[in-house]
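Residue numbers (my numbering): 960 to 1306.
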């Protein structure tokens, strides 16, 4: 079988396609495995957040984010501190952020590619404009405040989304021209493990229009869309397919991915299907490496038939865990090794 680049193999996977081998989706782009199928880089439209002395950071909207042990070091909004408590007051309360003075997109693309070490001949590039309306609203108001506002003041929520979306979407053309991505990225965690935070009707009224607008030009240029969306996404999947989404990640096990592959054949690619909490090694850190590798192979065996699948396994632990890097390396290299083997591919 002729050698195919990791980039071409990953792009061949789009929309339920059949790749030459099962790729590992390099979520961060710097996982220590022999090849990198895709990396992410994007334009910076606004000045960076303010870094505070206590290690937190404050966004241009005034939301302060703290890293913590419970999220494995990821930053989350300060609990019970809300920038916006009354959605009808957003125009008076929220700051009016200004774009960077030096919006040279060609220079940003050049610097970004150098920073991430991007080789366009072997690695696909993912980019987007960076705005997810649901998580943006939750950051301002908390989950309860956001949902109450959507129920009581949907038109005001739309006004806010239109305003903030208007700060991002007009630059899509310049981002696409300068970065020339292979994949357009969307990101918004609108679902819990059990189900979406809100109804399909509310999704279609408040959120789909923005996702569709954000990805419209990329789709018109023939680019596949990738959506980062955690949780139980099944109710939203038909809509996502309609507005051009070809990859979803992390495609968690709470979804019946096998049934979805059958229901929507050759329409969607699922990156993931291995929720870490359900596969945490017994007696960690005193785990059996062969059991861990067998679990990886079982996941690939289950979901790889017919294509439309890529592995994405991201072990997490407490901050500073001295055993985590070895476990990641073991898992990622088994994904790579067996992913090359399962379809009978040879370089």
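Quick reminder that beta carbons are idealized off the backbone N, C-alpha and C, glycines included.
Note the first and the last residue of the continuous beta strand (DSSP E) segment covering residue i.
{"i": "residue 1258", "result": "Residue 1258 -> not in any beta strand (DSSP E); alpha helix (DSSP H) instead, spanning 1248-1262."}
{"i": "residue 1307", "result": "Here the chain covers residues 960 to 1306 and nothing more, so residue 1307 does not appear."}
{"i": "residue 998", "result": "997-999"}
{"i": "residue 950", "result": "Because residue 950 is not part of the residues shown, which for the chain are 960 to 1306, the question remains open."}
{"i": "residue 1229", "result": "1228-1230"}
{"i": "residue 1025", "result": "1023-1026"}
{"i": "residue 1035", "result": "1034-1036"}
{"i": "residue 1143", "result": "1142-1146"}
So residue i and residue j are supposed to be a Cβ contact under 8 Å. How far apart are they, rounded?
{"i": "residue 972", "j": "residue 1042", "result": "Incorrect: roughly 40 Å between the Cβ atoms, too far for contact."}
{"i": "residue 1056", "j": "residue 1126", "result": "7 Å"}
{"i": "residue 1198", "j": "residue 1163", "result": "7 Å"}
{"i": "residue 1229", "j": "residue 1210", "result": "4 Å"}
{"i": "residue 1166", "j": "residue 1092", "result": "6 Å"}
{"i": "residue 1090", "j": "residue 1052", "result": "Not a contact, Cβ separation roughly 19 Å."}
Taking buried to mean at least 16 other C-beta atoms within 10 Å of its own C-beta, is residue i buried or exposed?
{"i": "residue 1040", "result": "exposed"}
{"i": "residue 1185", "result": "buried"}
{"i": "residue 1144", "result": "buried"}
{"i": "residue 1286", "result": "buried"}
{"i": "residue 1192", "result": "buried"}
{"i": "residue 1027", "result": "exposed"}
{"i": "residue 1268", "result": "buried"}
{"i": "residue 969", "result": "buried"}
{"i": "residue 1253", "result": "exposed"}
{"i": "residue 1132", "result": "exposed"}
{"i": "residue 979", "result": "buried"}
{"i": "residue 1139", "result": "exposed"}
Taking Cβ to Cβ, would you say residue i is nearer than 8 Å to residue j?
{"i": "residue 1226", "j": "residue 1200", "result": "yes"}
{"i": "residue 1128", "j": "residue 1174", "result": "no"}
{"i": "residue 1251", "j": "residue 1244", "result": "no"}
{"i": "residue 996", "j": "residue 986", "result": "no"}
{"i": "residue 1033", "j": "residue 1023", "result": "no"}
{"i": "residue 1075", "j": "residue 1181", "result": "no"}
{"i": "residue 1081", "j": "residue 964", "result": "yes"}
{"i": "residue 1031", "j": "residue 1255", "result": "no"}
Would you mind reading off the limits of the alpha helix (DSSP H) that contains residue i?
{"i": "residue 1288", "result": "1283-1300"}
{"i": "residue 1218", "result": "1216-1222"}
{"i": "residue 1050", "result": "1049-1052"}
{"i": "residue 1061", "result": "Residue 1061 -> no alpha helix (DSSP H), and no H or E assigned at all."}
{"i": "residue 971", "result": "965-971"}
{"i": "residue 1132", "result": "1131-1138"}
Does the beta carbon of residue i fall short of 7 Å from some heavy atom of the ligand NAD?
{"i": "residue 990", "result": "The ligand NAD is not part of this structure, which contains no ligands at all."}
Beta strand (DSSP E) segments (min. 3 residues) lying fully within the stretch 1157-1206: 1184-1187
Every unbroken beta strand (DSSP E) within the stretch 1081-1129, with a cutoff of 3 residues, ordered by chain: 1083-1086
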